[in-house]
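Undergrad: One structure coming up, written as structure tokens, with questions to follow.
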DNA sequence: CAATACTGCTACATCGATTGAGCTTTGATG
DNA sequence: CATCAAAGCTCAATCGATGTAGCAGTATTG
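The following block contains the structure:
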């Protein structure tokens, strides 16, 4: 008997958590036996059913739960899988976090997610912290500088997968931003085609040109214009960052109103929608938009003609299979988006 | 030198993570000194600046990071603060998770959040798991059976606070659901008052009568009717659970259309909005609704006349102050909601 | 009845970091 | 030159769980 050798007077459970030593003491057996019984390896360690039952009973009665810090320290595996994510409070990242947890738990991992507000320094610190907690694997989502984190993980011998934004030093799983943006832009151009006298280029709002997703979406956006013989002036690309306020400000600064807007994310869309709501109704009704990402309410707003929903289950499926197979090839896996156009009934009603 | 006594040939960093023993070996000093230097206690342990510098340099070079499992095991404090939350993917819980993390980090804690899909068994298991990771404190959010978890925590000597749904065995911080629902219902009744020939009771959609929040909101809903001399028939309370599909189904089953709906959460609202979108436009325009909880897009939908936004920063402020002061009195702290009515410009435009 | 096999358990080293209790060495003081 | 203090370290126990090695007993076999 090593720790807590003080033979406490009444119930063993006063103040401190019960350990296998306490239980061993109560039952009158050894800590090894208690450990074996409580972690399920007791059959192959030839502990009798009788002793096992007594130990289980006492453990239950004393409300024992393993100290995983000690357990993980001793074993080689921690079973912890970490995720770094920029935000929780929008549908896309919320769904990623939620489904990641589910998937991890199903596969026997304990998921720990850290939210970093798109702050590069915090991203890096969070990754360090997760490594200190001995994660076996790290999923880095929407990081501004994934490669720096990949280096950290490689040094520690920890698997990394990038999700949503690609890196060059670890395998990445991302949406097919080009194709999604292309489809979405076509949808918007088609819709506008129904209205006579409009041939100007659409506007692109939100995101940063420095980030891979934004630049790919812009490429899709431009391509859809090109294939119809339209040119997009620089002034129509408002990659003002993701924040709602910035999108709002960019639109408010325009000299004349656009008739169609490609919104780069639901975060930016919040600004767009507020801006729209401030316009006089008759002007507002002329302005259609589409948005990359999906939100159930945004999808039913009057001026929304379509959204590109990223396929979160498929993205995560790929992440987990990469983790299992341990491909460290830094390849990029593209996953198609689901194009969600407006339902006919909505089109007829809501928008009119 | 205890662990890893094998003098590796080339770089120390081959396969395994570097430990203080590796660094001690490289520098030619003791693990104690390395530990002291790397955790900042070296000044009071009288380690020279010179040695400290050498150790730091080697640690950086070898990409060392503490093994927190070992560190936490040894110290009495883990600095981990846990949260159990039902979902991430709606604005309310997303905001809670995100701001909880921020607040925790600011206060020097390491936050670990677990999402339990409103499954009572998973809630309990998740709490057990967090206890196993030696959390110092647990915030239980929206749990179906918070008292069971409180018992568990008390047995382990861990502080608990209930958030969003109250319990009887630990202090709770919740929104003032009665007042919020009362205000919201008044808003909706006022709005309807402008339209001639409507005097029927509103409908209440979503949630479970067994849960505290729902029953308080129903109480507020009923009170607002009573104070205007209106009676609400049982058939107008559709507490069908939170899921969007259930709300949709309940409304679809109605014999004639309601003219005003009180929606119990944005999750239920998703179903309501889809149901609305399926109605012919002329019927749809007659139906106004309000919703407890807030969502930036939902707030701007044509038929939405107001939302009650729970004050997440204030809720969390109370949670953290409870944790600090350690009041184990099982009191319930009520926090007022922000009533967000529709802006005039929206009213005029979007809804018409 | 000795040799062997098997059952049922315990002892002890170990994981990596922390920390109270020393143990040298240097410097200052009487 | 002894004496004492302080500076600058190292030793070794410890946190709780795990698992290998091994020790008693009992049952089986020749």
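Residue numbers (my numbering), protein chains in the order written: chain A, 8 to 359; chain B, 8 to 359.
Don't be surprised by glycine CBs; every beta carbon is placed ideally from N, CA and C.
On the criterion of 16 or more Cβ atoms from any shown chain inside 10 Å, does residue 317 of chain A qualify as buried, or is it exposed?
TA: buried
Undergrad: List, from N- to C-terminal side, the beta strand (DSSP E) runs of 3 residues or more that fit wholly inside the stretch 103-133 of chain B.
TA: 117-122
Undergrad: Return helix, strand or coil for residue 266 of chain B, following the three-state DSSP convention.
TA: coil
Undergrad: Only counting the same chain, and skipping five residues up and downstream in sequence, which positions put a Cβ closer than 6 Å to that of residue 184 of chain B?
TA: 220, 223 and 224
Undergrad: Please compile the residues from chain B whose C-beta is within a distance smaller than 9 Å of the C-beta of residue 327 of chain A.
TA: The premise fails here: residue 327 of chain A is roughly 17 Å from chain B at the closest Cβ pair, so nothing lies under 9 Å.
Undergrad: Along the alpha helix (DSSP H) that carries residue 33 of chain B, what are the first and last residues, could you check?
TA: 27-34
Undergrad: Check whether the Cβ atoms of residue 227 of chain A and residue 187 of chain A lie closer than 8 Å to each other.
TA: yes
Undergrad: Please confirm whether residue 344 of chain A has its beta-carbon closer than 8 Å to some beta-carbon of chain B.
TA: no
Undergrad: Mind reading off the beta-carbon distance from residue 167 of chain B to residue 157 of chain B? Whole number of angstroms is fine, and I expect it under 8 Å.
TA: 5 Å
Undergrad: For chain B, check one thing: does any of its Cβ atoms lie closer than 8 Å to the Cβ of residue 147 of chain A?
TA: no
Undergrad: Apart from the five residues just before and just after residue 94 of chain B, which ones in its own chain have a Cβ nearer than 6 Å to its Cβ?
TA: 100
Undergrad: Report yes if the CB atom of residue 321 of chain B is closer than 8 Å to the CB atom of residue 342 of chain B, and no otherwise.
TA: yes
Undergrad: Going by Cα to Cα distance, which pick from B/109, B/134, B/66 and B/139 is closest to residue 76 of chain A?
TA: B/139
Undergrad: Would a check of beta-carbon distances place residue 304 of chain A closer than 8 Å to chain B?
TA: yes
Undergrad: Keeping to the same chain, check which residues put their C-beta closer than 6 Å to that of residue 117 of chain B; ignore five residues upstream and five downstream.
TA: Only 86 and 87 meet the Cβ criterion.
Undergrad: Would you say residue 166 of chain B reaches chain A, if we count a Cβ-Cβ gap shorter than 8 Å as a contact?
TA: Interface with chain A (8 Å Cβ-Cβ cutoff): residue 166 of chain B is excluded.
Undergrad: Which residue's Cα is closest to the Cα of residue 289 of chain A: A/135, A/310 and A/170?
TA: When each option's Cα is compared against that of residue 289 of chain A, the closest is A/310.
Undergrad: Please name the residues in the stretch 121-154 of chain A whose beta-carbon is closer than 8 Å to at least one beta-carbon of chain B, in chain order.
TA: 121, 122, 124, 135, 136, 138, 139, 140 and 141
Undergrad: Quick one: residues in its chain with C-beta nearer than 6 Å to the C-beta of residue 16 of chain A, no 5 flanking neighbours on either side, listed in chain order?
TA: The pLDDT assigned to residue 16 of chain A is 36, lower than 50, so where the model puts this residue is not dependable; a value taken from the coordinates is nonetheless given after this. Same-chain partners within the cutoff: there are none.
Undergrad: Give me the chain A residues within the contact set of residue 72 of chain B, using Cβ-Cβ distance strictly less than 8 Å, ordered along the chain.
TA: Ordered by position in chain A, the residues that pass the 8 Å Cβ test against residue 72 of chain B are 135, 138, 139 and 163.
Undergrad: So, at 6 Å on beta carbons, what are the nonlocal neighbours of residue 27 of chain A in its own chain, with the 5 sequence-adjacent residues on each side left out?
TA: 38, 41 and 42
Undergrad: Spatial neighbours of residue 135 of chain B within its chain, please: C-beta separation below 8 Å, excluding the five flanking residues on both sides.
TA: Residues 159 of the same chain have their beta carbon placed closer than 8 Å to that of residue 135 of chain B, with the five preceding and five following residues left out of the count.
Undergrad: In the DSSP assignment, find the unbroken beta strand (DSSP E) run with residue 313 of chain A in it and report its ends.
TA: 311-316
Undergrad: Given that a residue counts as buried once 16 or more other Cβ atoms are within 10 Å of its Cβ, and exposed if not, what is residue 53 of chain A?
TA: The residue is exposed, with fewer than 16 neighbouring Cβ atoms inside 10 Å.
Undergrad: In terms of residues, what are the limits of the alpha helix (DSSP H) holding residue 156 of chain B?
TA: 153-163
Undergrad: Between the Cα of residue 163 of chain B and those of B/137, B/55 and B/199, spot the shortest distance and give me the residue it belongs to.
TA: B/137
Undergrad: Mind checking if residue 43 of chain A is an interface residue toward chain B, Cβ cutoff 8 Å exclusive?
TA: no
Undergrad: Can you confirm whether residue 94 of chain B, when its beta carbon is compared against all beta carbons of chain A, has any partner nearer than 8 Å?
TA: yes
Undergrad: At 8 Å on the CB atoms, spell out the chain A contacts of residue 308 of chain B, in chain order.
TA: 304, 307 and 308
Undergrad: Taking C-beta pairs closer than 8 Å, name the residues in chain A that residue 270 of chain B reaches, listed in chain order.
TA: Correct list: empty, because the minimum Cβ distance to chain A is about 12 Å.
Undergrad: Residues of chain A with CB under 7 Å from residue 68 of chain B, in chain order?
TA: Those within 7 Å of residue 68 of chain B in chain A number zero; the least Cβ separation is about 10 Å.
Undergrad: Report yes or no: is there a C-beta of chain B within less than 8 Å of the C-beta of residue 76 of chain A?
TA: yes
Undergrad: Please tell me whether residue 104 of chain A has its Cβ less than 8 Å away from any Cβ of chain B.
TA: yes
Undergrad: For the stretch 278-292 of chain B, which residues have a CB atom closer than 9 Å to at least one CB atom of chain A, in sequence order?
TA: Residues 280, 281, 283, 284, 285, 286, 287, 288, 289, 291 and 292.
Undergrad: For residue 240 of chain B, is the classification buried or exposed, using 16 other Cβ atoms within 10 angstroms of its Cβ as the cut-off for buried?
TA: exposed
Undergrad: If we count the other Cβ atoms within 10 Å of its Cβ and call it buried at 16 or more, is residue 344 of chain A buried or exposed?
TA: That one is buried.
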